[in-house]
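Q: For the first sequence, my numbering gives the first residue as 1, with consecutive numbering after it.
Please find one structure pasted underneath; my questions will follow.
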Amino acid sequence: MLDVDFIVGNVDVVKRAIDVKGVDLDLDHLLAKHEEVKAILIEVEDLRHERNVLSKQTGKADESERQQLIKESRSIGSKLKEKEPGLREKQDELRELLLLVPNIPGDDEPVGPGEESNVELRTWGDKPEFGFEAKDHVELLELHDWAVASIGNLAGSRSYALRGELALLEMSLWRFALDYMVKQGFTAVALPSFAREAALVGTGHFPGSREEAYELEDDLFLSGTSEVGLNYLRSGEILSPSDLPVRDAGFSTCFRREAGAAGKDVRGLLRVHQFYKVEQYVCCVPDREESNRWFEALLANAEALVQALELPYRLVRLSTGEMGAGKVRTWDIECWLPSANEYRETHSVAEFYDWQARRADLRYRDEDGRVRYLYTLNNTAIATPRILAQLLEVHQQEDGTVRMPAALQPYLDGLEVLGAASAD
RNA sequence: GGAGGGGUGGCAGAGCGGACGAAUGCGACGGUCUUGAAAACCGUUGUGCGUGCAAGCGUACCGGGGGUUCGAAUCCCUCCCCCUCCGCCA
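Have a look at this one:
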């Protein structure tokens with residue numbers, strides 16, 4: 001969410017953001033609604049003031065005046081009863097509109113509607129050159145009996161069940177990433193996957209991507225990222241400078257309906273409904289340079305992790321149409337997937353400034369005593385099972401075994417190669 | 001699932017229809033005193049919105065929402081959260 005006063009004072013800037021981000025929103029309608037709310041609010045507050053004055057007098061008045069005062073108050077009361085519901089309704093409508101206003105994209109981010117406008121910033125590592133017929137990750141899973149083939153009967157399409165070494169590998173990755181984050185000064189937080197609507201509005205996932213979330217009974221949803229929980233932990237509090245920056249490494253099971261991805265990536269581990277994520281989350285003082293430093297730190301953490309996994313990747317700067325409504329900028333790390341002969345997203349760094357903080361009510365009191373909204377950022381640390389696809393494919397060997405990067409071996413009881421027992 | 005008790009300012013805790021944005025204590029901040037500190041004493045100390053250049057003024061908020069009333073922290077309805085006991089259970 002943006003500050004209304006900012007919107008009013010920067011109509012062109014906001015309109016441009018709506019345009020380049022491809023958001024369906026009529027800003028003039030919002031501005032008119034805002035004016036309308038203000039006008040009614042002034043009327044209603046005047047009436048309330050009159051009523052308060054009369055009521056106060058009524059309490060002190062003697063019986064002779066009392067009836068007259070009550071009569072006057074009643075007439076104001078009935079006027080208020082006419083106007084108040086309309087005010088409430090219009091305020092709600094305004095809030096709904098404000099929730100749709102996108103953040104202003106950073107000046108240096110590429111402008112364009114989609115993927116084709118993304119800009120590759122750099123690559124790291126060499127794509128593997130196999131001197132043999134390389135397998136894709138699904139073939140490797142089958143070869144070693146690392147996944148239950150008929151799992152769809154249990155949990156539907158886009159589900160998976162890992163077995164044996166792969167099940168252990170998946171869990172090793174979580175711990176590997178968490179340990180790394182803790183070493184960087186982050187606090188590990190194990191989070192629920194459940195979230196109330198307000199928390200999903202808080203991150204910006206609602207109302208825009210409501211259809212992506214599984215809705216449960218009891219007013220709960222399954223969240224698609226631990227960011228939802230992390231971002232809401234301090235909602236409504238006013239933090240002090242000593243609480244900052246908040247640096248959390250969240251872990252949770254994540255659920256996504258993949259409503260907009262029908263028929264895409266149905267095979268294998270690339271796009272499943274239930275997955276796991278270690279998430280980096282930072283909440284810092286509202287300062288763009290500070291935010292930029294954290295953006296770079298979160299990016300560096302992610303790069304260090306994929307480098308330790310020895311996965312070739314590229315860094316992509318997402319275009320305005322791709323970055324998401326709430327973001328100032330989003331940069332993705334895409335790891336090389338040999339079977340697809342392309343890079344596939346594994347990490348996504350996002351910077352919000354105070355857009356999320358306004359929604360989730362994250363504030364602090366600065367050194368001068370002013371209450372201000374904070375800035376938030378987040379990035380993936382590791383998300384499984386997707387990255388298993390790259391890990392298996394990139395590190396596969398001619399005999400079908402899979403070499404494990406040295407950084408991961410301590411988490412696998414020293415195992416250097418997976419699949420040795422089942423390989424020919 | 002059953003029974004009961006609670007949600008009030010940074011914290012503790014009073015208030016249960018008008019003088020209440022809210023006693024009191026603690027904490028925090030500023031000052032006096034002191035070589036310095038502590039203690040003591042004095043003062044300040046919630047948030048949102050509207051309006052205004054500002055000082056200020058107005059309005060709303062005592063878990064959320066709705067209602068009764070001239071007037072609600074206080075009464076009613078409803079939802080949420082927390083605690084205790086019983087049952088069940090990983």
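Using N, Cα and C, we set each Cβ at its ideal position, and we do this for glycine too.
Per DSSP, what kind of secondary structure is Leu141 in: helix, strand or coil?
A: Leu141 falls in the helix class under three-state DSSP.
Q: What residue range does the beta strand (DSSP E) around Ser348 cover?
A: Unbroken beta strand (DSSP E) run through Ser348: Glu342 to Tyr353.
Q: May I have a chain-ordered list of the alpha helix (DSSP H) segments no shorter than 4 residues that lie completely inside the stretch 72 to 147?
A: Runs found: 137 to 144.
Q: Using C-beta distances below 6 angstroms, list every residue in its chain close to Leu222, excluding the 5 sequence neighbours before and after it, in chain order.
A: Contacts found: Ser193, Tyr214 and Phe255.
Q: Which runs of the alpha helix (DSSP H), 4 residues or longer, sit entirely within the stretch 261 to 318?
A: You should have 288 to 308.
Q: Can you give me the start and stop residues for the alpha helix (DSSP H) that Tyr232 sits inside?
A: Unbroken alpha helix (DSSP H) run through Tyr232: Glu227 to Tyr232.
Q: Give me the residue from Gly236, Phe251 and Gly326 with the minimum Cα distance to Arg175.
A: Comparing Cα-Cα distances from Arg175 to each of Gly236, Phe251 and Gly326, the minimum goes to Phe251.
Q: Output the residue ranges of the alpha helix (DSSP H) runs that lie fully inside the stretch 165 to 230 and measure 4 residues or longer, sorted by chain position.
A: With a minimum length of 4 residues, the continuous alpha helix (DSSP H) runs that stay inside the stretch 165 to 230 are 197 to 203.
Q: For Leu311 versus Gly131, is the C-beta spacing smaller than 8 angstroms?
A: Not a contact, by the Cβ cut-off of 8 angstroms.
Q: Where Tyr276 and Leu388 are concerned, what is the direct C-alpha to C-alpha distance, given to the nearest angstrom?
A: Computed Cα separation, rounded: 12 angstroms.
Q: Is Asn52 helix, strand or coil by DSSP?
A: It is helical.
Q: Using the Cα positions of Leu305 and Ala259, report the straight-line distance between them to the nearest angstrom.
A: Taking the straight line from one Cα to the other gives about 30 angstroms.
Q: Could you tell me whether the stretch 199 to 211 touches the stretch 319 to 332, using the rule of 3 or more Cβ pairs below 8 angstroms?
A: Segments in contact, yes.
Q: Can you tell me whether DSSP reads Gly252 as helix, strand or coil?
A: Inspection of the sequence shows that residue 252 is occupied by Ser rather than by Gly. The answer is strand: DSSP assigns Ser252 an E or B state.
Q: Report the residue from Val189, Leu233, Gly268 and Leu99 whose alpha carbon sits nearest the alpha carbon of Val138.
A: Taking only the C-alpha atoms, the option nearest Val138 is Gly268.
Q: Could you say which of Ile382, Ile333, Ser117 and Asp366 lies nearest to Ser319 if we only look at CA atoms?
A: Per the Cα distances, Ser117.
Q: Under 8 angstroms between the Cβ atoms of Val417 and Asn103?
A: Not in contact: Val417 and Asn103 (Cβ atoms no closer than 8 angstroms).
Q: Ends of the alpha helix (DSSP H) at Ile18?
A: Val11 to Val20 is the span of the alpha helix (DSSP H), which, as asked, contains Ile18.
Q: Which one or two residues does DSSP pair with Asn379 in a beta bridge?
A: DSSP, once it has assigned bridges, lists Gln280 as partnering Asn379.
Q: Three-state secondary structure (DSSP) at Leu392?
A: In the structure shown, Leu392 sits in a helix (DSSP, three-state: H, G or I).
Q: Let me know if Ala190 comes out buried or exposed under the rule of 16 or more other beta-carbons within 10 Å of its beta-carbon.
A: The residue in question, Ala190, is exposed, as its Cβ has fewer than 16 Cβ neighbours within 10 Å.
Q: Going by Cα to Cα distance, which pick from Arg51, Val111 and Ala350 is closest to Ile18?
A: Ranking Arg51, Val111 and Ala350 by Cα distance to Ile18 puts Val111 first.
Q: Could you check if Lys33 is buried or exposed, using at least 16 other CB atoms within 10 Å of its CB as the buried criterion?
A: Counting Cβ neighbours within 10 Å, Lys33 comes out buried, since at least 16 surround it.
Q: Please determine, among Val101, Gln396 and Ala340, the residue with the shortest C-alpha to C-alpha distance to His29.
A: Among Val101, Gln396 and Ala340, the Cα nearest to that of His29 belongs to Val101.
Q: So for Asp28, helix, strand or coil by DSSP?
A: Asp28: helix per DSSP, three-state reduction.
Q: Just curious, the alpha helix (DSSP H) that Leu154 is in, first and last residue?
A: It spans Gly152 to Ala155 - the alpha helix (DSSP H) in which Leu154 sits, taken as one unbroken run.
Q: Considering Cα atoms alone, identify which of Trp355, Ala383 and Glu367 is closest to Tyr373.
A: Tyr373 has its Cα closest to that of Trp355, out of Trp355, Ala383 and Glu367.
Q: Apart from the five residues just before and just after Val119, which ones in its own chain have a Cβ nearer than 6 angstroms to its Cβ?
A: Excluding positions up to five away in sequence, the list reads Pro110 and Arg317.
Q: In the DSSP assignment, what are the bridge partners of Arg329?
A: Per DSSP, Glu351.
Q: What are the partner residues of Ile238, as DSSP defines its beta bridges?
A: DSSP output for Ile238 lists Arg363 as bridge partner(s).
Q: Where DSSP assigns a beta bridge to Lys334, which residues make up the other side?
A: Note that residue 334 corresponds to Glu in the displayed sequence, not to Lys. DSSP output for Glu334 lists Arg314 and Glu345 as bridge partner(s).
Q: What residues in its chain sit with their C-beta under 7 angstroms from that of Val148, if we drop five residues either side in the sequence?
A: Answer for Val148: Ala161 and Arg163, listed in chain order.
Q: Between Leu69 and Leu54, what straight-line distance do the alpha-carbon atoms span, to the nearest angstrom?
A: Their Cα atoms are separated by approximately 6 angstroms.
Q: For Val272, which option in Glu290, Ala383, Asp92 and Val402 has the closest C-alpha, if you only look at C-alpha atoms?
A: For Val272, the nearest C-alpha among the options comes from Ala383.
Q: So the beta strand (DSSP E) Tyr373 belongs to, where does it begin and stop?
A: Per DSSP, Tyr373 belongs to the beta strand (DSSP E) from Val371 to Tyr373.
Q: Buried or exposed, going by whether 16 or more other CB atoms sit within 10 Å of the CB of Ile425?
A: Look at the range of the chain in this structure, 1 to 424, and you will see that residue 425 is not part of it.
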